[in-house]
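Trainee:
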Amino acid sequence: MDPVFILVRPQMGENIGASARAMLNFGLERLRIVNPRDGWPNPKAVAMASGAGRLLDHAGLFPDVKAATADVDYLFATTARSRELTKPIMTPERAMEHARALTAAGKRVGVLFGPERTGLENEDVVLANAIITVPVNPEFFSLNLAQCVLLTAYEWRRQTVEVPPEVMEMARTDFASGIEVEKLGDHFEERLAEAGFFHPAEKEAGMKLNLRNMWSRLNLTRADVQTLHGMLRQIAWKLKQ
1 MDPVFILVRP QMGENIGASA RAMLNFGLER LRIVNPRDGW PNPKAVAMAS
51 GAGRLLDHAG LFPDVKAATA DVDYLFATTA RSRELTKPIM TPERAMEHAR
101 ALTAAGKRVG VLFGPERTGL ENEDVVLANA IITVPVNPEF FSLNLAQCVL
151 LTAYEWRRQT VEVPPEVMEM ARTDFASGIE VEKLGDHFEE RLAEAGFFHP
201 AEKEAGMKLN LRNMWSRLNL TRADVQTLHG MLRQIAWKLK Q
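Residue numbering for the sequence shown follows full-length UniProt numbering, beginning at 1 and increasing consecutively.
#1: How would you call S50, buried or exposed, if buried means at least 16 neighbouring beta carbons within 10 angstroms?
#2: Which residues in the same chain as M48 place their Cβ atom closer than 6 angstroms to its Cβ, once the five residues preceding and following it in sequence are excluded?
#3: Could you check what DSSP says for R222 in three-state terms: helix, strand or coil?
#4: Assign V161 to buried or exposed, taking buried as 16 or more other Cβ atoms, counted over all protein chains shown, within 10 Å of its Cβ.
#5: State buried or exposed for N42, treating a residue as buried only when at least 16 other CB atoms are found within 10 Å of its CB.
#6: Cβ of F197 within 8 angstroms of Cβ of F113?
#7: Could you tell me whether the Cβ atoms of V65 and V8 are closer together than 8 angstroms?
#8: Check for me: the alpha helix (DSSP H) holding A146 runs from which residue to which?
#9: Which partner residues does C78 have in the DSSP bridge list?
#10: Based on the DSSP secondary-structure assignment, which residues constitute the bridge partners of G110?
#11: What distance in whole Å lies between the Cβ atoms of L127 and T69, which are believed to be in contact at a cut-off of 8 angstroms?
#12: Among the residues of its own chain, which have a CB less than 8 angstroms from the CB of T133, if the five just before and after it don't count?
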């Protein structure tokens with residue numbers, strides 16, 4: 001299954017249409033759109049998409065990133081900005097090589113693209129397993145949304161089925177889905193709140209963000225998630241005795 005490209009809060013219909021054209025140029029048709037600024041459907045997107053209009057016709061519309069990525073096994077986030085979030089950073093070439101191996105092993109791969117003016121927020125990036133950064137001119141690093149989609153789609157098309165064995169081995173792993181990792185994060189936050197971990201109150205949001213980033217960075221398997229849930233339940237049961 002080909003990767004799904006997810007446009008997060010896109011602002012201009014023209015860029016959505018141009019992104020659809022770029023995707024179809026390189027054989028990708030799975031498009032999702034998160035909370036577009038000007039609503040949906042968008043006539044400017046349709047006009048710009050030209051022959052790629054069918055991608056827009058079948059595009060999934062989602063209210064937020066969590067909903068758009070709930071069924072994704074491995075998620076990339078595209079960003080040019082340096083982040084305080086620690087994650088693997090890949091070029092589009094390396095990321096799409098990795099994506100090829102994952103999809104060959106039956107995994108569902110997603111790629112997040114941020115809005116034109118600000119790019120992805122930390123709350124979006126924290127959900128991703130890895131970051132894609134294009135090695136552009138550091139004095140002028142801003143890429144148009146459709147340009148970023150084009151570069152990534154091109155690398156996907158260019159890749160061969162031959163991938164390094166260590167990448168293929170990782171691709172065979174039974175990763176936890178986005179919704180499974182989210183539920184694990186909810187469980188940990190619940191237990192940690194009961195234990196008074198989130199202190200002082202003004203740091204609670206940042207502490208939770210760091211924890212969510214940790215879960216996504218670890219590339220947890222379904223077995224990992226089940227084990228961690230079990231550990232939490234056992235600790236809670238023991239403390240109540």
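All residues carry an ideal CB built from backbone N, CA and C; glycine is no exception.
Remember, it's a predicted structure, so these values are computed and weren't measured experimentally.
Mentor: The relevant details are as follows:
#1: Looking up residue 50 in the sequence shown gives position 50. With fewer than 16 other Cβ atoms from the protein chains shown falling within 10 Å of its own Cβ, S50 counts as exposed.
#2: Counting from 1 along the sequence shown, the entry for residue 48 is found at position 48. Within the same chain, M48 has close Cβ partners E14, G17, A18.
#3: Position 222 of the sequence shown, counting from 1, holds the residue named residue 222. Note: R222 maps to helix in three-state DSSP.
#4: For the purposes of this step, residue 161 is taken as residue 161 along the sequence shown, with counting starting at 1. Only weak support exists for where V161 lies, its pLDDT of 49 falling under 50; the value from the coordinates is given anyway. Per the 10 Å Cβ criterion, exposed.
#5: Here residue 42 refers to the residue found at position 42 when the sequence shown is read from its first residue. Classification of N42: buried, given that the 10 Å Cβ count is 16 or more.
#6: Stepping through the sequence shown from its first residue, residue 197 is reached at position 197. Stepping through the sequence shown from its first residue, residue 113 is reached at position 113. Against a cut-off of 8 angstroms, the Cβ pair of F113 and F197 comes out as no contact.
#7: Residue numbering aside, residue 65 sits at position 65 when the sequence shown is read from its first letter. Residue numbering aside, residue 8 sits at position 8 when the sequence shown is read from its first letter. Taking 8 angstroms as the Cβ cut-off, V65 and V8 qualify as a contacting pair.
#8: Position 146 of the sequence shown holds residue 146. Element bounds for A146: 145-158.
#9: Sequence index remark: in the sequence shown, residue 78 carries index 78 (1-based). The question names Cys, but residue 78 is Thr in the sequence shown. For T78, which the question treats as bridged, DSSP gives the partners I132.
#10: Along the sequence shown, read from residue 1 onward, the residue named residue 110 stands at position 110. G110 is bridged to V4, L75.
#11: Here the question's residue 69 lines up with position 69 in the sequence shown. Here the question's residue 127 lines up with position 127 in the sequence shown. Confirmed, about 6 angstroms.
#12: The sequence position of residue 133 within the sequence shown is 133, counting from 1. So the list reads T78, T79, A80, I89, M90, T91, once near-sequence residues are dropped.
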